[in-house]
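Scroll down for the structure; my scribbles are underneath it.
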Amino acid sequence: MGLEISEAKGCLLIGTNGKEYLDLISGIAVSYLGHGNSAIIDAIKTQTEKHLHLMVYGEFIQSPQVQYGDAILQLLPAALDNIYFVNSGSEAIDGAIKLARRFTGRSGIIAFRNAYHGGTLGAISINGSEKYKCAFGKLLPGVVMADFGSEDVLEHIDESISCVIMEVIQAEAGVFSTKKEWLEKVAQKCRQQGVLLVFDEVQTAFGRTGKMFAFEHFDVIPDILVLGKALGAGMPLGAFISSKEIMLSLSHDPVLGHITTFGGHPVSCAAGSAGLGFLQRNDFQQQAEEKGKLFAEELKHRLIKDIRQHGLLIACDFDDSSLNIKVIKACIKRGLLTDWFLYNDKCMRICPPLTITHQEIYMACKKINEVLEEIT
Ligand SMILES: Cc1ncc(COP(=O)(O)O)c(C=O)c1O
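Going by the numbering used here, the residue at position 240 of the sequence shown is 240; the numbering climbs one at a time, nothing skipped.
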């Protein structure tokens, strides 16, 4: 896009030319509480004055990690009682793959078409787009790609498989959700076969879909949960979470099963902690559902073919990518920042900070509807 931003406040990005843009992207679900949140900024400043990096992760007790880890685990079912902080979503995915392979002693993985899990070689190996993975030579062996939501996957879940890994709501595919019944069947087959179920909630966690975690919509609990993006409230941070029993398999043979120098950086953890506290105090996860519905109600135009919406993770379908790109460019000209999805360029992304106001939503929808009217 070539935009140069000098400052960001709330849901507004301000260009170096002084132009204001309403942020409907949140840095791809990272800035989930908007920009310049004073609780987050203060926590960063306070931690910066105390100390930055001290030692490779795990060697010292660093209280920002411990406090943030505790706060997250309190929100999760009892079976998910151990957290390992890393640097990014992709690293957390690689950590989860290693953990599942190490714990089960198996190397097969089942992943799903159209899922996006990141950019490291491990994550690429399980990505659901051939276009994005075929350019890099040999990837992880033993990966079975299945259709998301299809019962065919059940026959592949056997004792050769370490884990089934999925986004319960596929984001970069253009916001496609699974069904509870299907997920229950997959979970049951995993349990029968000793296969771990891994949910990638790098994009969906922390209230984005109207619940703290998207898996709460489905009543199915994963064995490993992967987090990133909003986890650091604007600072780089990732994590994978499991039971202590599973996690301990990374602590022996070899003793350092996953080494990460900057993982769980104290400033990132302090920022994430402050963000989570702010989210909880203001119930933004509850508001996400209602605000998302408002977008879906207000965005009415014959050129919009479908809207898929889970809280403030919203996909708006057009007939083709050239129309979508035209709309996105026209929106940017009018000071509205939207985007397409990595695997779905016919589809406009609407994923604003959860702090977006009703007035900003009305204004955004009005502008999008006006752009569509001008295009026809
Ligand atoms: C669902 C999902 N998983 C994993 C990742 C990778 O995260 P990161 O870019 O922080 O490595 C992303 C990034 O977009 C994502 O959307």
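Just so it is clear, CB atoms sit at the ideal spot from N, CA and C, and this is done for glycine as well.
Residue 109 and residue 30 have their C-alpha atoms some 28 Å from each other. Under the 10 Å beta carbon count, residue 37 is surrounded by 16 or more other beta carbons and is classified as buried.
Residue 309 sits close to residue 292, with the two beta carbons spaced by under 8 Å. A residue is called buried when at least 16 other Cβ atoms come within 10 angstroms of its Cβ; residue 17 does not meet this threshold and is exposed. Measuring C-alpha to C-alpha distances from residue 347 to each of 362, 259, 231, 171 identifies 171 as the nearest. As DSSP reads the structure, residue 347 sits in a beta bridge with 317.
The alpha-carbon of residue 5 is positioned some 22 Å away from that of residue 361. Nearest to residue 335 by alpha-carbon distance, out of 243, 304, 12, is 12.
With at least 16 other beta carbons inside 10 angstroms of its own, residue 112 counts as buried. By the C-beta density criterion, residue 259 is exposed, having fewer than 16 other C-beta atoms within 10 angstroms. For residue 364, the shortest C-beta to heavy atom distance toward ligand 1 is 7 Å or greater. Looking from the CA of residue 313, the closest CA among 319, 15, 200, 288 belongs to 288. By the criterion of a C-beta distance shorter than 8 Å, residue 154 is surrounded in its chain by 185, 186, 189, once the five residues flanking it on both sides are discounted. For residue 269, the uninterrupted alpha helix (DSSP H) run begins and ends at 266–282, by DSSP. Taking 4 residues as the minimum length, the alpha helix (DSSP H) runs contained wholly in the region 66–134 are 89–104, 121–126, 130–133, in order along the chain. Between residue 63 and residue 352, the C-beta gap is not smaller than 8 Å, which leaves the two residues out of contact. Bridge partners of residue 240 according to DSSP: 84, 226. Proximity of the beta carbon of residue 229 to ligand 1 is indicated: a heavy atom of the ligand is located closer than 7 Å. About 4 Å separates the Cβ atoms of residue 235 and residue 271, confirming a contact at the 8 Å cut-off. A Cβ-Cβ contact shorter than 8 Å links residue 178 with residue 148. Between the alpha carbons of residue 162 and residue 106 lies a gap of roughly 5 Å. The beta carbon of residue 91 lies closer than 6 Å to those of 238 in the same chain, with the five residues before and after it left out. By alpha-carbon distance to residue 231, the top candidate from 219, 208, 215 is 208.
Remark: fewer than three beta-carbon pairs, one from each stretch, lie closer than 8 Å, so the region 126–140 and the region 77–85 are not flagged as touching. The alpha helix (DSSP H) runs lying completely inside the region 174–203 and spanning 4 residues or more are 180–193, given in chain order.
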